[in-house]
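Participant: If you count the sequence shown from 1, position 58 lands on 58 in UniProt numbering, and the numbers rise without skipping. All C-beta atoms in this analysis are idealised placements derived from N, C-alpha and C, irrespective of residue type, glycine included. Keep in mind that this is a model prediction, so the values were computed, not measured. Pasting a structure here, questions to come.
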Amino acid sequence: MSQSLLEMTKELITEQIRKGRVPPGETQALLLSIHATLQRLYETEMSGAVTTSPNPYEPGSRVDWKRSIAKHAVTCLECGETFKQLSSRHLRRHNLDPRSYRTKYGIPSMQPLSAHVATARRRELARQIRPWEQAASKRKADKTRARKRGVNY
Ligand SMILES: [Zn+2]
């Protein structure tokens, strides 16, 4: 039996007595009941079978932001809505902007606030040469090939 468990019980019971919530003669029963509850909680915790994990998207709670940015959606940690990309327009609803949002949840400044697929697609587009230039050079190449085949434009 852990010392902290006993101390928690003692604190709780003292608090109840101090507030006058414990009728005389029932202190013992209350103490046993509190201790039994704490003991159960403690054992559950130790066995690793904690089933009441907090909602990761519960507003205002300390959350792992990594879980909010998934492959196909990014979840707003303020309200739990999902998006392809978390826009600053949406963040304004919570009186935040991308910067203060990142700060609040400890998100690195380099982390895009968008779904992984959206981020990947944007990166891919950025890597490509400007599409209109590609199109132009492709047209030119087609023309050259066409001329070689003897087709006049
Ligand atoms: Zn939101």
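So, under 8 Å CB-CB, L41 and T9 are touching, yes? Tell me the CB distance rounded to an integer number of Å.
Facilitator: With a Cβ gap of about 11 Å, L41 and T9 do not count as contacting.
Participant: Excluding five sequence neighbours on each side, which residues of the same chain lie with their C-beta closer than 6 Å to the C-beta of A118?
Facilitator: Cβ neighbours of A118 beyond the five flanking positions: K84 and Q85.
Participant: Exposed or buried, which one is A126 when buried takes at least 16 other CB atoms within 10 Å?
Facilitator: With fewer than 16 other Cβ atoms within 10 Å, it is exposed.
Participant: Sorry if obvious, but does the Cβ on E78 come closer than 6 Å to a heavy atom of ligand 2?
Facilitator: With respect to small molecules bound, the structure shown includes ligand 1 and not ligand 2.
Participant: Could you say if the stretch 24 to 39 and the stretch 64 to 77 meet the contact criterion of at least three C-beta pairs nearer than 8 Å?
Facilitator: As far as the Cβ criterion goes, the stretch 24 to 39 does not touch the stretch 64 to 77, which means the pair count is below three.
Participant: What does the alpha-carbon distance come out to for the pair G21 and A29?
Facilitator: First, the amino acid is wrong: residue 21 is Arg here, not Gly. Distance between the alpha carbons of R21 and A29: 13 Å.
Participant: Hey, quick one: how far does the alpha helix (DSSP H) through R123 stretch, first residue to last?
Facilitator: Segment H116 to R127, the alpha helix (DSSP H) holding R123.
Participant: According to DSSP, which residues form a beta bridge with I69?
Facilitator: V74, per the DSSP bridge assignment.
Participant: Could you tell me which residues DSSP puts in a beta bridge with T82?
Facilitator: DSSP lists T75 as partners of T82.
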